[in-house]
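> Order-wise, the sequence lines are chains A and B.
If you count the first sequence from 1, position 113 lands on 113 in the working numbering, and the numbers rise without skipping.
If you count the second sequence from 1, position 133 lands on 133 in the working numbering, and the numbers rise without skipping.
Protein chains: 2
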Amino acid sequence: MTRTLGRPQPAERRRGTRCCEGVAPRGALDEALERAAADFDVLAHPVRLRLLEILARRGGEVCVCDLEHALPVKQPTISHHLRLLRQAGLVDTARKGLFAYYYVEPAALAALRARVGQALEALAAAPGGGSER
Amino acid sequence: MTRTLGRPQPAERRRGTRCCEGVAPRGALDEALERAAADFDVLAHPVRLRLLEILARRGGEVCVCDLEHALPVKQPTISHHLRLLRQAGLVDTARKGLFAYYYVEPAALAALRARVGQALEALAAAPGGGSER
DNA sequence: CCAATGAATCGAAGTCTGTCAATATGATTG
DNA sequence: CAATCATATTGACAGACTTCGATTCATTGG
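1) Leaving out five residues before and five after proline 94 (chain B) in sequence, what residues of the same chain have Cβ atoms less than 6 Å from its Cβ?
2) Within the continuous beta strand (DSSP E) that includes alanine 124 (chain A), where are the two ends?
3) List, in order along the chain, the chain A residues whose C-beta lies closer than 7 Å to that of glutamate 53 (chain B)?
4) With distance defined between alpha-carbon atoms, name the residue in A:Ala36, A:Asp30, A:Leu98, A:Asp92 nearest to glycine 60 (chain A).
5) Between which two residues does the beta strand (DSSP E) carrying valine 104 (chain A) extend?
6) Let me confirm a value: aspartate 39 (chain B) is counted as buried when at least 16 other C-beta atoms fall within 10 Å, else exposed. Which label applies?
7) For the stretch 78–89 of chain B, list every residue whose C-beta sits within 8 Å of some C-beta in chain A, in sequence order.
8) Confirm, please, whether the CB-CB distance from leucine 52 (chain A) to leucine 90 (chain A) is below 8 Å.
9) Answer yes or no: does any C-beta atom of chain B fall closer than 8 Å to that of glutamate 34 (chain A)?
10) Indicate whether at least one CB of chain B lies closer than 8 Å to the CB of aspartate 181 (chain A).
11) As a quick exercise: from A:Ala114, A:Ala124, A:Ala36, A:Val47, pick the residue whose alpha carbon is nearest that of isoleucine 78 (chain A).
12) Does alanine 56 (chain B) get closer than 8 Å to chain A when you measure Cβ to Cβ?
13) Does DSSP put valine 47 (chain B) in a helix, a strand or coil?
14) Hey, how far is the Cα of alanine 44 (chain B) from the Cα of leucine 98 (chain B)?
15) Who are the neighbours of alanine 100 (chain A) on chain B, taking C-beta pairs under 7 Å?
16) With three or more beta-carbon pairs closer than 8 Å as the criterion, would you say the stretch 67–77 of chain B touches the stretch 103–112 of chain B?
17) For valine 23 (chain A), which of helix, strand or coil comes out of DSSP?
18) Answer with buried or exposed for alanine 124 (chain B), where buried requires no fewer than 16 other C-beta atoms within 10 angstroms of its C-beta.
19) Would DSSP call glutamine 30 (chain A) helix, strand or coil?
20) Excluding the 5 residues flanking lysine 74 (chain A) on each side, which residues of the same chain have their C-beta closer than 7 Å to its C-beta?
21) Using a Cβ-Cβ cutoff of 8 Å, what residues of the stretch 60–79 of chain B are near chain A? List them in chain order.
22) Determine the chain B residues that contact arginine 115 (chain A) at a beta-carbon separation under 9 Å, and present them in chain order.
23) Cα separation between alanine 56 (chain A) and histidine 80 (chain B)?
24) Restricting to Cα atoms, I'd like to know which of B:Lys96, B:Val42, B:Glu34 is closest to arginine 83 (chain B).
25) Within the continuous beta strand (DSSP E) that includes alanine 94 (chain A), where are the two ends?
26) Arginine 72 (chain A) and leucine 29 (chain B): beta carbons closer than 8 Å?
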């Protein structure tokens with residue numbers, strides 16, 4: 001958001017050869033960047049990725065015991081990762097009797113895919129190869 | 001960041017299964033999944049994301065001192081993240097005199113974007129909600 | 001009520017990560 | 001050579017992450 005340009009010369013850095021100047025305004029990483037990193041972080045574990053993949057492929061609900069069979073980690077670990085996914089808003093759960101059925105939250109998943117896709121766009125190579133700004 | 005999850009799977013779970021059965025045939029997480037998770041992991045930090053973004057936007061080379069000005073962390077931290085990006089094959093460096101110029105490795109970045117995009121595809125909601133496989 | 005079962009939580013252990021001060025390395029300049 | 005500069009590396013620290021056994025909670029059935 002604070003994409004200011006006219007950065008004044010730092011007075012105390014006026015020594016010999018300056019290599020270059022002004023790539024981006026110093027300072028804080030903006031909100032979108034932090035959110036994108038958080039998005040990537042949720043996806044940055046094979047178990048969570050697989051869980052999401054299974055739940056997404058099944059449009060409907062899947063009980064934990066099935067997920068447990070599909071993954072090489074123990075039940076508490078599954079539960080842990082499911083909680084992370086739930087806290088990220090990507091999945092939700094519904095208890096039916098003894099079983100807990102998980103399902104993707106389609107809007108949240110779509111939003112995440114959109115944000116991640118946008119972040120990847122920003123990594124596309126610069127068209128002219130020249131330096132803007 | 002090194003997500004290796006090295007644990008073998010018993011693969012013999014013959015029991016009187018009750019609730020349901022057979023979401024996925026095997027327990028081991030396959031190679032593509034691990035690689036996708038590793039890909040996401042590299043992107044799962046705002047500083048690395050910003051570094052990549054700056055280097056990609058500049059088609060050319062950027063010296064570390066500029067990157068240092070653009071980010072709210074100290075020089076050793078920048079160096080640390082740049083090394084991670086280099087180890088991931090996404091960027092490379094060329095020393096010219098006193099300065100070190102970093103630049104993206106376009107092929108590697110494109111490959112990563114392709115893999116990540118493919119992993120996101122797998123998270124697309126199933127159209128009819130039916131279960132495949 | 002009691003036993004059994006699926007799932008969540010707790011607690012602990014080990015590993016990994018992010019950060020920075022201090023220092024090292026290597027090039028350049030005077 | 002000595003001083004200076006840009007960058008890399010080291011070492012230490014705090015905090016987060018991942019995993020699993022043990023336990024707890026909730027629900028069902030006898």
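Cβ coordinates follow ideal geometry from the N, Cα and C atoms, glycine included.
This is what the structure holds:
1) A small correction: the amino acid at residue 94 (chain B) is alanine; proline does not occupy that position in the sequence shown. If we look at alanine 94 (chain B) and ignore the five residues flanking it on each side, its Cβ neighbours are Tyr101.
2) No beta strand (DSSP E) contains alanine 124 (chain A), which DSSP labels as neither H nor E.
3) Going along chain A in sequence order, the residues near glutamate 53 (chain B) (Cβ under 7 Å) are Ala122, Leu123.
4) A:Asp92
5) 99–104
6) buried
7) none
8) yes
9) yes
10) One cannot answer for residue 181 (chain A) here, as it falls past the ends of chain A, which runs 1 to 133.
11) A:Val47
12) Interface residue, yes.
13) helix
14) 31 Å
15) The premise fails here: alanine 100 (chain A) is roughly 10 Å from chain B at the closest Cβ pair, so nothing lies under 7 Å.
16) Because the criterion of three Cβ pairs below 8 Å is not met, the stretch 67–77 of chain B and the stretch 103–112 of chain B do not touch.
17) Model confidence at valine 23 (chain A) stands at a pLDDT of 48, short of 50, so the residue's coordinates are unreliable; what they give is reported in the following sentence. Assignment of valine 23 (chain A) by DSSP, reduced to helix, strand and coil, places it in the coil class.
18) exposed
19) The sequence shown places aspartate at residue 30 (chain A), rather than the glutamine named in the question. Of the three classes helix, strand and coil, the one that applies to aspartate 30 (chain A) here is coil, per DSSP.
20) none
21) Gly60, Val62, Cys63, Cys65, Asp66, Leu67, His69, Ala70, Leu71, Pro72
22) For a Cβ distance threshold of 9 Å, nothing in chain B lies close to arginine 115 (chain A): the least Cβ distance comes to about 11 Å.
23) 36 Å
24) Proximity to arginine 83 (chain B) across B:Lys96, B:Val42, B:Glu34 peaks at B:Val42, based on C-alpha coordinates.
25) 91–96
26) In the sequence on display, residue 72 (chain A) carries proline and not arginine. With a cutoff of 8 Å on beta-carbon distance, proline 72 (chain A) and leucine 29 (chain B) are scored as near each other.
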